[in-house]
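Everything on this sheet refers to the single structure shown next.
There are 2 protein chains.
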Amino acid sequence: MAKRTGVTRQKAAKIADVARLAGVSVATVSRTLARPEVVIEETRTRVLAAVRDTGYMPNISARNLRVRKTMVVLVAVPDIANPFFAEVLQGIDDTLSAAGYGLIIANLAGSPEKEARYVDLICAGQADGVLLLCGHVMRSPDRDLRDARVPLVAACEYIPYENFPQVTIDNVETAREAVRHLVDLGHTSIAYLSGPNSNILEQQRLEGYRQALREAGIAVDASLILPGDFTFRTGVEAGRALLTLDPAARPTALFAANDEMAIGLIKTVHAAGLHVPDDLSVVGFDGIAYADYCEPTLTTIVQPRRDLGATAAAELITLMTTGKAGLRKHIKLPAKLMLRDSTRPPRKGPGRSFRIARSG
Amino acid sequence: MAKRTGVTRQKAAKIADVARLAGVSVATVSRTLARPEVVIEETRTRVLAAVRDTGYMPNISARNLRVRKTMVVLVAVPDIANPFFAEVLQGIDDTLSAAGYGLIIANLAGSPEKEARYVDLICAGQADGVLLLCGHVMRSPDRDLRDARVPLVAACEYIPYENFPQVTIDNVETAREAVRHLVDLGHTSIAYLSGPNSNILEQQRLEGYRQALREAGIAVDASLILPGDFTFRTGVEAGRALLTLDPAARPTALFAANDEMAIGLIKTVHAAGLHVPDDLSVVGFDGIAYADYCEPTLTTIVQPRRDLGATAAAELITLMTTGKAGLRKHIKLPAKLMLRDSTRPPRKGPGRSFRIARSG
DNA sequence: CTGAAAGCGCTTACAG
DNA sequence: CTGAAAGCGCTTACAG
């Protein structure tokens, strides 16, 4: 230990303090820290000891100013209170902070003003890269993020017609698998509880539903496609709609475009005396924590949230450091069907002939 | 619009570019932006026009280096994937970003290495203030945050024996209110499902439970205090423990130290045929979103999460800018009891004499 | 009211 | 292998 150690010192030590104590120039201190192998061992030892004794840590603002980098990444999330994104953020944070990057979390929360503020911030060079989890390229009234010469990577919600890297699951294929599970159980009357029509995830999941039915030789019945918007509330409404149906015409299974809606629907039909899975099998999508707590526990598609975040962050780091993207523009991560208690073969056996007679 | 606008320019405009275009010195540009009232109107007009035409935005690193501030606040959260903190973070983010501060989210996630890295970062002057949501003052093997001459504010989880500002709900009073609600319904045999003993929140909620019973003249029965650790799993275990009890000795109501445990317990006793609230009333604590979806919906204490975050952030801003804290060191925000479907008067009427005979 | 100049703490060619 | 020096983009006394 030197005379006065850094711990209780009033002001933080700067590089000049270290240089003085070690008896070298500031350039040598800087070099020792950045590329230890270029200085001779004796110098290195002296410098490192001085660093320790002074408690020196570099001033990031000064370094960033000098090298013209910010070492921060902005990540745009639609809603930070949504647990889904919280876990994706964890994967991002792990990867980015291990590489020395800081994180600015831009919580869009449906506010165009906030979004515009963040766009301006990025255009002003306040971030070295941007991670888009919000399903669109951020905009402001007078600036376009694509002109900001800053690396972009999107994750979770695919953004069509763009050519930066994107990391998502394969929504079409995964939705297809979910519906195939219902078909395999013997269901032939399978409803779909949709998300908002304009949403890309909704469009892909609906497509997967269609494909699975087609493969099974089941005609798509438009009356079995229930409107929803990803909220618990529309799940409840869809449940009520199901209850008004003549029991003979009621589907024996339902695939919901997300878990919240599935859970709202189950709760509603339960309260009316319908049993899940005996009277109705339900599959959700996302794998939120609650899907494992609800009654019955929900069969659903579990997205690799952490990995989605980590992979996107790694892709962005590549882009920021090398200036070029990895080989694949669109990385699709596997999501898996988690079988739980909300699905079961239909009680009355296949009602297929009935459905075909009724539909289109 | 000037000849070439900033939008598609290669490099971001700097203050010298603005000065040249406006025909003034850089000092004047800086002044106009910082304190518009000190320059004469004509100058101000010219400068502002030049700012607009160049698309100028100040380089934050340079400014921070110069004024020796970082304009970032570090917020330490125990677990970013926990929806409770996600919403507190929203309140923090709103307040801080409106004041021009950036946010570094330190996701401690039970990792002492990460925590130490963040402590070093703060000691190196990389943040102007710290918001502690983690229930303890962050530590690293060789540095103490309290010596880092950086403003500290804690929120949500009270940290005893410290003298920086703290913002929490009144856990004792609120728990007392929850139990009083059960007492008012006529319950006299009221169990408590606890959190981990070492946790300060647990200690306070237990104290509130005790006070409410005492006020009602009900003796505390140690056998009705079930161990838990805030997880859904221990709620399930407590439910099983309840089921092994002789029905006559079974409590008619239960207060759980948090919602996850309450929900796990309800699910377990339901599966065994016990009805909530008819056979058992349950009150939770926290007001997580799921408490409003589960079956039955859960009567619980709703914490003002957003407000907790916003208030703590405002307190920290005061501390960072004026150097002194507000009047009150410990700010207690009101939490409210949300009545839902999991509580009801006991089926068999007050069993008070029985309880007294049995306990203490 | 405005300008010239110093300086915040670093990194990095450029010499030697 | 090491040092002297320039410069990253700002802000702010200090003069005038």
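Protein chains in written order, with the numbering used here: chain P, 1 to 360; chain H, 1001 to 1360. Ideal Cβ placement from N, Cα and C applies to all residues, glycine included. Keep in mind that this is a model prediction, so the values were computed, not measured.
Nearest neighbour of residue i, chosen from the options [CA to CA]
{"i": "V1183/H", "options": "E1202/H, V1167/H, A1271/H and S1281/H", "result": "S1281/H"}
{"i": "V26/P", "options": "E41/P, P36/P and V47/P", "result": "V47/P"}
{"i": "T1297/H", "options": "A313/P, D307/P and T268/P", "result": "T268/P"}
{"i": "M71/P", "options": "V77/P, P78/P and R63/P", "result": "R63/P"}
{"i": "V137/P", "options": "T54/P, A155/P, A289/P and G287/P", "result": "A155/P"}
{"i": "T1234/H", "options": "P1277/H, A1257/H and G1055/H", "result": "A1257/H"}
{"i": "D1128/H", "options": "V1088/H, R1068/H and P1160/H", "result": "R1068/H"}
{"i": "C123/P", "options": "A148/P, L316/P and D259/P", "result": "A148/P"}
{"i": "A1178/H", "options": "Q1203/H, P1196/H, N1059/H and L1213/H", "result": "L1213/H"}
{"i": "L1316/H", "options": "S1097/H, K1014/H, P1083/H and R1031/H", "result": "S1097/H"}
{"i": "V283/P", "options": "L339/P, V39/P, F232/P and G273/P", "result": "L339/P"}
{"i": "K1336/H", "options": "F1232/H, G1273/H, L1327/H and D1307/H", "result": "D1307/H"}
{"i": "V1088/H", "options": "T1322/H, R1305/H and V1073/H", "result": "R1305/H"}
{"i": "M261/P", "options": "I288/P, L121/P and M57/P", "result": "I288/P"}
{"i": "L74/P", "options": "H181/P, D246/P, S30/P and L121/P", "result": "L121/P"}
{"i": "L1201/H", "options": "Y1101/H, T1174/H, V1220/H and E1215/H", "result": "T1174/H"}
{"i": "A271/P", "options": "L152/P, L243/P, G110/P and Y56/P", "result": "L243/P"}
{"i": "S198/P", "options": "E37/P, F230/P, G326/P and R180/P", "result": "F230/P"}
{"i": "P247/P", "options": "E37/P, Y56/P, R347/P and G110/P", "result": "R347/P"}
{"i": "Y56/P", "options": "H275/P, F232/P, L33/P and G110/P", "result": "L33/P"}
Same chain, Cβ closer than 8 angstroms to residue i, five either side skipped, listed in chain order
{"i": "A1086/H", "result": "I1080"}
{"i": "K1114/H", "result": "A1106, N1107 and L1108"}
{"i": "K1324/H", "result": "T1318"}
{"i": "R344/P", "result": "L185, P277, D278 and S281"}
{"i": "H1181/H", "result": "V1283, T1299, L1337, L1339 and T1343"}
Close beta carbons around residue i, own chain, < 7 angstroms, minus the five adjacent residues each side
{"i": "A1116/H", "result": "S1140 and P1141"}
{"i": "D94/P", "result": "A310"}
{"i": "V119/P", "result": "M138, R139, S140, R143 and L145"}
8 angstroms Cβ cutoff met for residue i and residue j
{"i": "V172/P", "j": "G217/P", "result": "no"}
{"i": "I301/P", "j": "A253/P", "result": "no"}
{"i": "L145/P", "j": "V167/P", "result": "no"}
{"i": "K1332/H", "j": "I1092/H", "result": "no"}
{"i": "A1050/H", "j": "A1012/H", "result": "no"}
{"i": "T54/P", "j": "V24/P", "result": "no"}
{"i": "I159/P", "j": "G125/P", "result": "no"}
{"i": "G1228/H", "j": "A1241/H", "result": "no"}
{"i": "Q1211/H", "j": "R1176/H", "result": "yes"}
{"i": "D1292/H", "j": "Q1303/H", "result": "no"}
{"i": "N1059/H", "j": "K1014/H", "result": "yes"}
{"i": "P1196/H", "j": "L1133/H", "result": "no"}
{"i": "V1039/H", "j": "R1031/H", "result": "yes"}
{"i": "L1103/H", "j": "I104/P", "result": "yes"}
{"i": "M320/P", "j": "P151/P", "result": "yes"}
{"i": "L1065/H", "j": "L327/P", "result": "no"}
Residue i classed as buried or exposed, judged by whether at least 16 other C-beta atoms fall within 10 angstroms
{"i": "S1061/H", "result": "buried"}
{"i": "N163/P", "result": "exposed"}
{"i": "S1194/H", "result": "buried"}
{"i": "S1223/H", "result": "exposed"}
{"i": "D278/P", "result": "exposed"}
{"i": "P251/P", "result": "buried"}
{"i": "H1187/H", "result": "buried"}
{"i": "G273/P", "result": "exposed"}
{"i": "D221/P", "result": "buried"}
{"i": "A219/P", "result": "exposed"}
{"i": "V1007/H", "result": "Any reading at V1007/H needs caution, since the residue's pLDDT is 35, under 50, leaving its predicted position unreliable; the model's value is listed next. Classification of V1007/H: exposed, given that the 10 Å Cβ count is below 16."}
{"i": "M1001/H", "result": "Per-residue confidence for M1001/H stands at a pLDDT of 33, beneath the threshold of 50, marking its modelled position as unreliable; the derived number appears in the next sentence. With fewer than 16 other Cβ atoms within 10 Å, it is exposed."}
{"i": "Y1161/H", "result": "exposed"}
{"i": "I259/P", "result": "Going by the sequence as given, residue 259/P is Asp instead of Ile. Buried is the call here."}
{"i": "A76/P", "result": "buried"}
Chain-order list of residues whose beta-carbon lies under 6 angstroms from that of residue i (same chain, five-residue window excluded)
{"i": "Y1383/H", "result": "Coverage of chain H is limited to positions 1001 through 1360, which leaves residue 1383/H absent and any answer about it impossible."}
{"i": "I1263/H", "result": "C1294"}
{"i": "A313/P", "result": "I92, T95 and L96"}
{"i": "T1299/H", "result": "V1283, L1339, R1340, S1342 and T1343"}
{"i": "A99/P", "result": "I317"}
{"i": "R205/P", "result": "N171, A175 and A257"}
{"i": "V29/P", "result": "I15, V18, A19 and V47"}
Residue i Cβ short of 7 angstroms to the ligand GTP heavy atom set
{"i": "R20/P", "result": "In the structure on display, the ligand GTP does not appear, and there are no ligands present to speak of."}
Every unbroken beta strand (DSSP E) within the region 219–287 of chain P, with a cutoff of 3 residues, ordered by chain: Those beta strand (DSSP E) runs which fall completely within the region 219–287 of chain P and span 3+ residues are 253–256 and 281–286.
Length at least 3, wholly inside the region 23–107 of chain P: the beta strand (DSSP E) runs in chain order: 72–77 and 102–107
Contained alpha helix (DSSP H) runs [length at least 4] in the region 1131–1203 of chain H, N- to C-terminal order: 1171–1184
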